[in-house]
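Q: Please find one structure pasted underneath; my questions will follow.
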Amino acid sequence: MRYWLFKSEPSTWGWDDQVAKGDAGEEWDGVRNYQARNFMREMSVGDRGFFYHSQKERAVVGIVEVIAEAHPDSTTDDERWECVDIKAVQPARVPVSLDDIKAEPSLSDMVLVKNSRLSVQPVTEEEWRIVCGMAGIDPA
DNA sequence: GCCAACGTTGGC
DNA sequence: GCCAACGTTGGC
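With UniProt numbering, the residue at position 54 of the first sequence is 54, and numbering never jumps.
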């Protein structure tokens with residue numbers, strides 16, 4: 001099992017939208033970046049990820065699970081672009097803000113801190129446990 | 001709203 | 001294959 005981070009502008013697609021899709025989940029479509037796409041290709045069903053709100057909010061707000069592996073992105077005919085499907089698992093009891101993450105020395109290597117523009121990112125197991133702890137979520 | 005950082009595109 | 005120009009993203 002691997003861990004990831006999915007970033008979205010809440011005005012476009014937010015946690016509430018994701019929750020509204022229930023267990024059926026939704027495509028994580030619209031990614032037009034090779035690095036992000038390549039990470040999605042590496043994902044397996046059952047992998048977990050943080051759902052992060054960018055822009056004004058800047059916080060991890062929940063946990064999602066990969067429910068379908070990479071497949072063509074239905075929002076484009078360009079066959080270069082693929083996406084996975086994810087579903088909401090549970091909200092963060094306490095949202096973990098970017099400031100919180102930056103203030104935590106053990107999280108200073110997170111991709112979120114080092115390459116803030118990448119919209120789909122890998123998260124290490126240690127980072128997963130630490131951020132889950134800060135969010136008041138059981139990492140298991 | 002601004003701007004720095006980054007990725008992509010296209011001319012050479 | 002290089003690099004300048006351009007567009008986009010996201011933190012501030």
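Heads up, the beta-carbon is just placed ideally off N, CA and C, and yes, glycines get one too. Every value quoted in this text rests on a predicted model; they were computed, and no experiment measured them.
#1: Would you mind sorting V45 into buried or exposed? The rule is 16 or more other CB atoms within 10 Å of its CB.
#2: How would you label residue 153, buried or exposed, when you count the other beta carbons within 10 angstroms and need 16 or more for buried?
#3: Per DSSP, W4 forms a beta bridge with which residues?
#4: Kindly indicate the opening and closing residues of the alpha helix (DSSP H) around R37.
#5: What does D85 pair with, by DSSP beta-bridge criteria?
#6: Assuming P122 and F39 form a contact by the criterion Cβ under 8 Å, report the distance between their Cβ atoms to the nearest whole angstrom.
#7: Taking all protein chains shown into account, do 16 or more other C-beta atoms lie within 10 angstroms of the C-beta of P95, making it buried, or fewer, making it exposed?
#8: For the alpha helix (DSSP H) containing A140, list its first residue and its last residue.
#9: Determine whether the beta carbon atoms of D85 and A68 lie at a separation below 8 Å.
#10: Applying the criterion that 16 or more other CB atoms from any shown protein chain within 10 Å of the CB defines a buried residue, is E126 buried or exposed?
#11: Mapping the DSSP letters down to three states, classify R129 as helix, strand or coil.
#12: Which whole-angstrom value is the C-beta distance of P10 and E79, which I expect to be below 8 Å?
#13: Quick one: give me the first and last residue of the alpha helix (DSSP H) that Q18 is part of.
#14: Name the two residues that bound the continuous alpha helix (DSSP H) containing L98.
A: In terms of the structure at hand:
#1: With fewer than 16 Cβ atoms within 10 Å of its Cβ, V45 is classed as exposed.
#2: The structure shown does not extend to residue 153, since the chain is modelled only from 1 to 140, so the question has no answer here.
#3: G49 and P122
#4: Y34 to R41
#5: E27 and A68
#6: The Cβ separation is near 6 Å, so the contact holds.
#7: buried
#8: It is not in any alpha helix (DSSP H) - A140 carries neither H nor E in the DSSP assignment.
#9: Inclusion of D85 and A68 in the CB contact set at 8 Å is warranted, their separation being smaller than that value.
#10: exposed
#11: R129: helix per DSSP, three-state reduction.
#12: The Cβ separation is near 30 Å, so there is no contact.
#13: W15 to A20
#14: L98 to A103
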